Amino acid sequence: MWGVCGDLFFSFAWFISRRFIWGVRTAGWLLPPALLLQDRFAAVNKTNIPLAALLQQQQQQQQQQEQQQQQQQQQGQLSSAFFAAAPASTTAAAAAAAPQPPAAAAAGAAAAAAGAAGDSSKGSWVVTSIAAQEVYRGCFVRAANAAAANSRVYVQVVGIPGDVLAIPWSQQQQQQQQQQQQQREQQQQQQQQREQQQREQQQQQQRELLLRQQLLHASIESKLVPREELLLLLQQIHKERENEWRIHQGEEISFLQQQQQLLQQQLQQLLLQQQQLLQHQHQQKQQQQQQQQQQQQQQQQQLLMQQQQQRLHNHQQQQLLQQQLMQQQLQQQLQQKNTKSSRRSSSSI
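For the sequence shown, the positions run -23 to -1, 1 to 326 when mature numbering (1 follows the signal peptide of the UniProt record, and there is no 0) is used.
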């Protein structure tokens, strides 16, 4: 009975633990996407700026800038006309006593309103480059073109400086202002170039007029020259030029010949030096070979002397050995004689 109950309890515990592990795994798989969705919804709620408001602010700023430019142009035209018509004293007094026009005050108020609108839009972003079917985790923005109106796109601002997919609204405005300034500078340069060209053309025209007036002056005598005299003059000029060219060419040829002679002399000197060097090297090689031959002969003589000395030494050693052998034989013979004599004496006794 207890065994059956224990088996049931363990099987139930194993089933519950297995279900618990499965639930933990599913939660681990589902938690990151849930957090990602929560983060994206939070970003959408934080930075939900409509496209129409941004475009309206931009249009208002452009209109205000155009109005300011027109007012400045009108004021400049009025002031130039006034100064041209009135004398200096009256214009100075009028300029000192004149109050500011209401248009300037209105322009200042409009500029302040535009600055406030720009400050309010500094926190927004404008998409500049996004590929199709790309979704990034980050802040929510709206695309700044009519085709992508009411479309929500997630854009990631990369941490590396300069590598961004979206730029701030204020930065875009600065870039537009810089482009406008560059265009104005280019237009001014073009105008200056045109003015310079016109001045040069006027100067040329004035010079031509002066020359014509001088030629038409009564003090200058007009003289008719026949064609034959002109041809003769041209022939003389041509001959003189040919003579000058020939003289100049002859001088150049003589100079080139001198240079060639100098070069040939230098080449001959170099060849002689090379031959001398080769002879000297050949002599040195011969001397080295002779020295080597002498050294080899000396070495051979030394080897022969050593061999002769060794032969003498070996011959002397052989003679010594023969003498020792002879002495040993003599000693043995003497010993034998002594033994024989001793035996004879003993036998005689």
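Note that CB positions come from ideal geometry on N, CA and C, so glycine has one too. Only a predicted model underlies this, so the values are computations on that prediction, with no experimental measurement involved.
| What is the DSSP secondary structure of P203, reduced to helix, strand or coil? | On the sequence shown, position 226 is the one that residue 203 refers to. Here P203 sits in coil by DSSP.
| message | Considering only the alpha carbon of each residue, which of I214, Q237, Q153 lies closest to Q38? | response | Taking the sequence shown and counting its residues from 1, the one referred to as residue 38 is at position 61. The residue with the shortest Cα to Cα distance from Q38 is Q153.
| query | Mind pulling the beta strand (DSSP E) runs of 3 or more residues that sit fully within the region 172 to 259? | reply | none
| How many angstroms separate the CA atom of S319 from the CA atom of L281? | In the sequence shown, counting from the first residue as 1, residue 319 sits at position 342. In the sequence shown, counting from the first residue as 1, residue 281 sits at position 304. About 56 Å.
| task | Just the C-alpha distance for Q275 and Q286, rounded to the nearest angstrom, thanks. | result | Mapped onto the sequence shown, residue 275 falls at position 298. Mapped onto the sequence shown, residue 286 falls at position 309. So the alpha carbons of these two residues sit roughly 16 Å apart.
| query | What's the C-alpha gap between L211 and L247? | reply | Start at 1 with the first residue of the sequence shown, and residue 211 comes out as number 234. Start at 1 with the first residue of the sequence shown, and residue 247 comes out as number 270. If you take the alpha carbons of L211 and L247, they lie about 53 Å apart.
| field | Alpha-carbon spacing of F232 relative to H225, whole angstroms | value | Residue numbering aside, residue 232 sits at position 255 when the sequence shown is read from its first letter. Residue numbering aside, residue 225 sits at position 248 when the sequence shown is read from its first letter. Looking at the two C-alpha atoms, the distance is approximately 11 Å.
| message | Taking the straight line between their C-alpha atoms, what separation do you get for Q190 and R176? | response | Counted from its first residue, the sequence shown places residue 190 at position 213. Counted from its first residue, the sequence shown places residue 176 at position 199. Their Cα atoms are separated by approximately 21 Å.
| query | Do you know how far the Cα of Q163 is from the Cα of Q173? | reply | Numbered from 1 along the sequence shown, position 196 holds the residue referred to as residue 173. Numbered from 1 along the sequence shown, position 186 holds the residue referred to as residue 163. Spanning the two alpha carbons is a distance of roughly 15 Å.
| Q35, buried or exposed, once every other Cβ within 10 Å from all chains shown has been counted against 16 | Translated into the one-based positions of the sequence shown, residue 35 becomes position 58. Buried: at least 16 other Cβ atoms inside 10 Å.
| query | By Cβ distance, which residues of its chain are closer than 8 Å to I156, with the 5 residues on each side in sequence left out? | reply | Position 179 of the sequence shown, counted from the first residue, corresponds to residue 156. First, the residue type needs correcting, since residue 156 is Gln and not Ile in the sequence shown. Nothing meets the Cβ criterion.
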